[in-house]
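The next block holds one structure in the form of structure tokens; read it before the comments.
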Amino acid sequence: MVNLVIMRHGEAQPQYSSDSERQLTQAGIREVQQMAGWLQHHYSAFDCIYASPYRRTQQTAALIAEAGLALTPIQTNTDLVPEGNAQLVLDFINLQLTEQPEQRILLVSHMPLVSFLVEAFTRQGQTPIFDTAGVACLHYKPDQGVLLEYASPPLLQLVQHSV
Numbered sequence: 003m004v005n006l007v008i009m010r011h012g013e014a015q016p017q018y019s020s021d022s023e024r025q026l027t028q029a030g031i032r033e034v035q036q037m038a039g040w041l042q043h044h045y046s047a048f049d050c051i052y053a054s055p056y057r058r059t060q061q062t063a064a065l066i067a068e069a070g071l072a073l074t075p076i077q078t079n080t081d082l083v084p085e086g087n088a089q090l091v092l093d094f095i096n097l098q099l100t101e102q103p104e105q106r107i108l109l110v111s112h113m114p115l116v117s118f119l120v121e122a123f124t125r126q127g128q129t130p131i132f133d134t135a136g137v138a139c140l141h142y143k144p145d146q147g148v149l150l151e152y153a154s155p156p157l158l159q160l161v162q163h164s165v
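Numbers in the working numbering are just positions in the sequence shown, counted from 1, shifted up by 2.
See the structure below:
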């Protein structure tokens, strides 16, 4: 059962006065909407959505919520920034799942942290490179996790073209 999804934000503007203020491009919005549709088709809504305070992750989380995948308001987690510490996020999620073991959680963050999070939640050496709007779907219990699947807009396009 997937209960933890780690998502990279959609494509963002390449240049801006501040990295934290970069917004999603139109292509990034479409990517996130495509992944929201995929998540909706495969999984139920999330009990908690945590996003980095950066604008592009907040926009990504809002698009996921608009698709009906949020049971509660989006929460900001300052540890989910690009240079964030995966261990702090792991400790936070362990606490959340200890208090409510059945909850489904979505984390919206950035490269390289999303890759380090997959490794922290699963096992050493498992650090996938995320496409923009990519999602890693895990079954996770405190200190024990398995990566069940990874999906992204380019992978979904490959599947659609091969069918």
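Quick reminder that beta carbons are idealized off the backbone N, C-alpha and C, glycines included.
query = So E101 is in the alpha helix (DSSP H); what residue range does that whole segment cover?
reply = The count along the sequence shown starts at 1 and reaches residue 101 at position 99. A88 to E101 is the extent of the alpha helix (DSSP H) around E101.
inquiry  = By DSSP's criteria, L140 is part of a beta bridge. Which residues make up the other side?
reply    = The sequence position of residue 140 within the sequence shown is 138, counting from 1. L140 is bridged to L6 and L149.
query = What's the gap between the Cα of V4 and the Cα of Y45?
reply = Reading the sequence shown from its first residue, position 2 is the one you call residue 4. Reading the sequence shown from its first residue, position 43 is the one you call residue 45. About 8 angstroms.
ask   = Around the C-beta of Q61, are 16 or more other C-beta atoms found within 10 angstroms, so that it is buried, or is it exposed?
value = Looking up residue 61 in the sequence shown gives position 59. Buried.
Proximity below 8 angstroms, CB of G136 to CB of R10 = Along the sequence shown, one-based indexing puts residue 136 at 134. Along the sequence shown, one-based indexing puts residue 10 at 8. For G136 and R10, yes; Cβs fall inside 8 angstroms.
task = With DSSP as the reference, label V110 as helix, strand or coil.
result = Locating residue 110 in the sequence shown gives position 108, where the first residue counts as 1. Residue state, collapsed to three classes: strand.
task = Report the rounded CA-to-CA distance for I107 versus Q36, giving the unit in angstroms.
result = As a working mapping, residue 107 is identified with position 105 in the sequence shown. As a working mapping, residue 36 is identified with position 34 in the sequence shown. Spanning the two alpha carbons is a distance of roughly 19 angstroms.
inquiry  = With H, G and I counted as helix, E and B as strand and the rest as coil, what does DSSP make of L26?
reply    = For the purposes of this step, residue 26 is taken as the residue at position 24 of the sequence shown. L26 falls in the strand class under three-state DSSP.
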